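These notes are about the structure you will find just below.
Numbering (the numbering used here), first residue to last: 273 to 536.
Next comes the structure, spelled out in structure tokens:
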């Protein structure tokens, strides 16, 4: 199990595939440990202002439970509805997945009531099973490309769920950094690649195109790290394995990667 130290990254080139606006903390950690961070986003997030978000805002006093699964969902909702936190009832439960999402929600004035220890949709559903959700009205702002696990699980527990499109997740308009990373991986110039969501994996291979087979072969010869089991599962669809941390955070993922690299 990782101790949180990053010495194993020293002198190594670590590729980061997460969205550009979310990569700064990882870059600092890698460079602080003496490594080289190769920023090559395979995922781009676009904040939206949609009718469904406006409905979440309009119906704010009705919600019994509001769920945020990413900082982008928080940002998008509050860009549409600046006073959302003031409109919620005092007994409305606010649940989030992950510490960064919790921080983003708190910074917007929300009282965060639930953060599951397992930073996944499954982890949140497990915690919510302790509540009686029958007839509860739930707002869930997120990207429509996300898995259906969370809304389906809530509905199975009797909740009335409004899924509001808060942002889009897609392949970056500028794929040059990702293409250069792919070239570097195939040439053996990259020591490790990190993935923070299934879409970062899926989009990498879409960008690779007819070089997918070469890329998979090259990835089998270097270190691959996934932030959690859902991302690992997507890698396994391509015949790849990965190290994953016990806590699903970027720092813990890098620490786990560091420990594995020190074993070489």
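Built from N, CA and C at the ideal position, the CB exists for glycine as well. Keep in mind it's a predicted model, so treat the numbers as computed, not measured.
- The C-beta separation of residue 499 from residue 522 comes to about 7 Å, placing the pair in contact by the 8 Å criterion.
- Here residue 434 is near residue 328, since their CB atoms are less than 8 Å apart.
- Taking 8 Å as the cut-off, the beta carbon of residue 469 is found no closer than this to the beta carbon of residue 310.
- Residue pairing by DSSP places residue 495 opposite 464 in a beta bridge.
- Sequence-distant Cβ neighbours of residue 511 in its own chain, meaning closer than 6 Å and more than five residues away, do not exist here.
- Counted as a single uninterrupted DSSP element, the alpha helix (DSSP H) harbouring residue 304 occupies residues 296-304.
- By the neighbour-count definition (other C-beta atoms within 10 Å, threshold 16), residue 425 is a buried residue.
- Per DSSP, the continuous alpha helix (DSSP H) segment holding residue 372 begins and ends at 371-379.
- Only exposed fits residue 486, as fewer than 16 other CB atoms lie within 10 angstroms of its CB.
- For secondary structure counted as the alpha helix (DSSP H) over 4 or more consecutive residues, the stretch 288-355 holds these complete runs in sequence order: 296-304, 323-330 and 343-352.
- Here residue 506 is buried. Its C-beta has 16 or more other C-beta atoms within 10 Å.
- The alpha carbon of residue 461 has as its nearest neighbour, out of 308, 514 and 304, the alpha carbon of 308.
- A check of alpha carbon separations from residue 476 across 518, 502, 379 and 449 identifies 449 as the nearest.
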